[in-house]
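Note sheet for the following structure.
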Amino acid sequence: MHSTDIAQVDPGELIACPQCDALYRARMPGHGERATCARCHTVLIAPRKRAGMIIIALAAAQLILVLGAVWFPFLKISRQGFVNNATLLDAALSFTGGPLLVLSLAVTALIVLVPLARAILTIYVLGPLVFDRPAPPGALRLFAMSEEMRPWSMAEIFALGCAVALVKVADLAHLSFGPAFWMFAGLVFLTVIHDRWMCRWSVWQALEHGYGARRDKATA
Amino acid sequence: MSGPVTARAAGFVACTRCTRVWPGGTAQCGRCGKPLVSRDTHSLSRVWAWWVAGLLCYIPANLYPMLRTRVLFTTSEDTIVGGAVELALHGAPFVALIILVASVAIPIGKFVAIAWLAVSVRRGSRTTPHSRHRMYEIVEYIGRWSMIDVFVVAILTALVQLNLAASIKPGPAALAFALSVIFTMLSAQAFDPRLIWDRAEDDTDAGPRA
């Protein structure tokens, strides 16, 4: 905005667009507003009221749903009297033998471990902040880790994969959904909402300075 | 109207993970720990390295069978395209379309888009940075969805184990395809989108600033 004096501002008060490097003075947008980059339109700051509590609740629900989806039968197949149940873990570990084992481990990570880890990290990092307590040890690094994992969390893609699999074997055998499938569908829904509620800038800011002015731990 | 000042022009270096701004020359983000570079100069070589690795894996992924299906005593092997064609012929054209889009159109489109972005950053382009940036966002967002075919194979393998009646086993293409998707995701992540906008800056207003 004021191109001449922005270089003199304390860098802690600035925000740079991660996509195009445009520099702004960070200011909390008004109620119901979002701050976007004027050049490339990337959303920079999008806070929501009481988002912390909702994000924690969503993460806790995700945790329960992932664990549930792992234990309960996922899909059931029957043909000519033969019946087979598969859990999520069966699907993840289905590539056995030789080099395909690597694929099993990768699929397990993408559909079970990464979503699980992100839910746990969210609760650990944001939980104390929501209840006005200082950030837990290592919070900044752990939140950074959770952010790095974001593109590798593929639960929603797996859910669409189930639908495709269903059609693919439709003329081969009869297929039906188990309880875990619906848990997993719920998980996908929650993940989408979760990512919409989370304003990353606000979280980083809160982790750096503590929530509000009450707990001023400007140790960085 | 001239564009906003960049962190680099103002003498700062910005963290692309947590958007914190630091004085120029800072080596590591003091907030999230990410190594800081004003412009990732090695970005393009990493982009091309992953790109080539992804392409090399994509070729066997299409040549070898993805699925080995045995119904009673007949065994059939399906490649990605072959499986989709079969689905279309068996009256599920919509699902065939999903498979074709996710496993053929998206990967090939991604290879072309990443290559074009990487070249245009070096050579300049007449396309506006807005549309190139849009393309980068689409590539980054959509790349993960190619994994769907691997998941379908995983689900079918786990599920269709019905003794004599029918069974499905994965083929070698599943591994090659998964690696191809992962490598192209890494290729897209290695790209530094700030390079798109730098070039635009040089092209449009090379005048003095600050």
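So the sequence lines, in the order shown, correspond to chains A and B. UniProt numbering numbers the first residue of the first sequence as 1 and each following residue consecutively. UniProt numbering numbers the first residue of the second sequence as 1 and each following residue consecutively. Glycine is no exception: its CB is placed at the ideal position from the N, C-alpha and C atoms.
Closest Cβ-Cβ distance between residue i and chain B: below 8 Å?
{"i": "A:S176", "result": "no"}
{"i": "A:A173", "result": "yes"}
{"i": "A:G127", "result": "no"}
{"i": "A:P73", "result": "no"}
{"i": "A:R181", "result": "This sequence places Phe at residue 181 of chain A; Arg is not what is there. No, A:F181 lies away from the interface with chain B (no Cβ there is under 8 Å from its Cβ)."}
{"i": "A:L113", "result": "no"}
{"i": "A:I55", "result": "no"}
{"i": "A:R133", "result": "no"}
{"i": "A:E33", "result": "no"}
{"i": "A:F189", "result": "no"}
I'd like to know if residue i contacts chain A, where contact means its C-beta is closer than 8 Å to some C-beta of that chain.
{"i": "B:R68", "result": "no"}
{"i": "B:M183", "result": "In the sequence as displayed, the identity of residue 183 of chain B is Phe instead of Met. B:F183 does not count as touching chain A."}
{"i": "B:N62", "result": "no"}
{"i": "B:L97", "result": "no"}
{"i": "B:R132", "result": "no"}
{"i": "B:P107", "result": "no"}
{"i": "B:W50", "result": "no"}
{"i": "B:G33", "result": "yes"}
{"i": "B:C18", "result": "yes"}
{"i": "B:V47", "result": "no"}
{"i": "B:Q161", "result": "yes"}
{"i": "B:R123", "result": "no"}
{"i": "B:M135", "result": "no"}
{"i": "B:F73", "result": "no"}
{"i": "B:G25", "result": "no"}
{"i": "B:W145", "result": "yes"}
{"i": "residue 249 of chain B", "result": "Nothing in the structure corresponds to residue 249 of chain B, since chain B is present only between 1 and 210."}
{"i": "B:A14", "result": "yes"}
Which one or two residues does DSSP pair with residue i in a beta bridge?
{"i": "B:Q28", "result": "B:P35"}
{"i": "B:W22", "result": "B:V13"}
{"i": "B:V71", "result": "B:T74 and B:A166"}
{"i": "A:A16", "result": "A:L23"}
{"i": "A:F177", "result": "A:L75"}
{"i": "A:T36", "result": "A:V43"}
{"i": "B:H6", "result": "The sequence shown places Thr at residue 6 of chain B, rather than the His named in the question. Paired residue(s): A:A22."}
When the Cα atoms are used, what is the spatial distance from residue i to residue j?
{"i": "A:V164", "j": "B:V152", "result": "7 Å"}
{"i": "residue 215 of chain B", "j": "B:L89", "result": "The structure shown does not extend to residue 215 of chain B, since chain B is modelled only from 1 to 210, so the question has no answer here."}
{"i": "B:T157", "j": "B:Y58", "result": "22 Å"}
{"i": "A:T42", "j": "A:W197", "result": "16 Å"}
{"i": "A:D132", "j": "A:V102", "result": "43 Å"}
{"i": "B:W50", "j": "B:R194", "result": "19 Å"}
{"i": "B:M147", "j": "A:Q80", "result": "32 Å"}
{"i": "B:L25", "j": "B:L117", "result": "Reading the sequence as shown, one finds Gly at residue 25 of chain B and not Leu. The alpha-carbon atoms of B:G25 and B:L117 are separated by roughly 27 Å."}
{"i": "A:E156", "j": "A:D5", "result": "46 Å"}
{"i": "B:G54", "j": "B:T184", "result": "5 Å"}
{"i": "A:K217", "j": "A:H209", "result": "Residue placement at A:K217 cannot be trusted, given a pLDDT of 36 that sits under 50; the coordinates are not used to answer."}
{"i": "A:F177", "j": "A:F74", "result": "6 Å"}
{"i": "B:T127", "j": "B:R134", "result": "11 Å"}
{"i": "A:T87", "j": "A:M154", "result": "17 Å"}
{"i": "A:R34", "j": "A:A16", "result": "15 Å"}
{"i": "A:L142", "j": "B:L67", "result": "39 Å"}
{"i": "B:L162", "j": "A:F82", "result": "6 Å"}
{"i": "A:L187", "j": "B:A10", "result": "44 Å"}
{"i": "B:V104", "j": "B:W145", "result": "12 Å"}
{"i": "A:V107", "j": "B:V181", "result": "12 Å"}
{"i": "B:E140", "j": "A:M53", "result": "30 Å"}
{"i": "B:F73", "j": "B:Y64", "result": "22 Å"}
{"i": "B:A176", "j": "A:L105", "result": "15 Å"}
{"i": "A:S78", "j": "A:L140", "result": "49 Å"}
{"i": "residue 221 of chain A", "j": "A:R118", "result": "Given that chain A is displayed from residue 1 to residue 220, the structure contains no residue 221 of chain A and the question cannot be resolved."}
{"i": "A:L100", "j": "B:V95", "result": "26 Å"}
State the start and end residues of the unbroken beta strand (DSSP E) segment that holds residue i.
{"i": "A:Y24", "result": "L23 to R25"}
{"i": "A:I45", "result": "V43 to I45"}
{"i": "B:H42", "result": "Run containing B:H42: none; DSSP gives neither H nor E here."}
Alpha helix (DSSP H) containing residue i: first to last residue?
{"i": "B:P93", "result": "P93 to L100"}
{"i": "A:K168", "result": "A155 to K168"}
{"i": "A:Q205", "result": "R200 to H209"}
{"i": "A:P115", "result": "V114 to V130"}
{"i": "A:I139", "result": "For clarity, residue 139 of chain A is Ala in the given sequence; the question names Ile instead. Counting along the chain, the alpha helix (DSSP H) containing A:A139 begins and ends at A139 to M149."}
{"i": "B:V85", "result": "I80 to L89"}
Is there a Cβ from chain E that is less than 8 Å from the Cβ of residue i?
{"i": "A:M154", "result": "Given the protein chain composition of this structure (A and B), no chain E is represented."}
- Message: Could you tell me which whole alpha helix (DSSP H) segments of length 4 or greater appear in the stretch 121-172 of chain B?
- Response: 129-142 and 148-159
Contiguous alpha helix (DSSP H) assignments of at least 4 residues, all confined to the stretch 71-108 of chain A:
88-92 and 100-108
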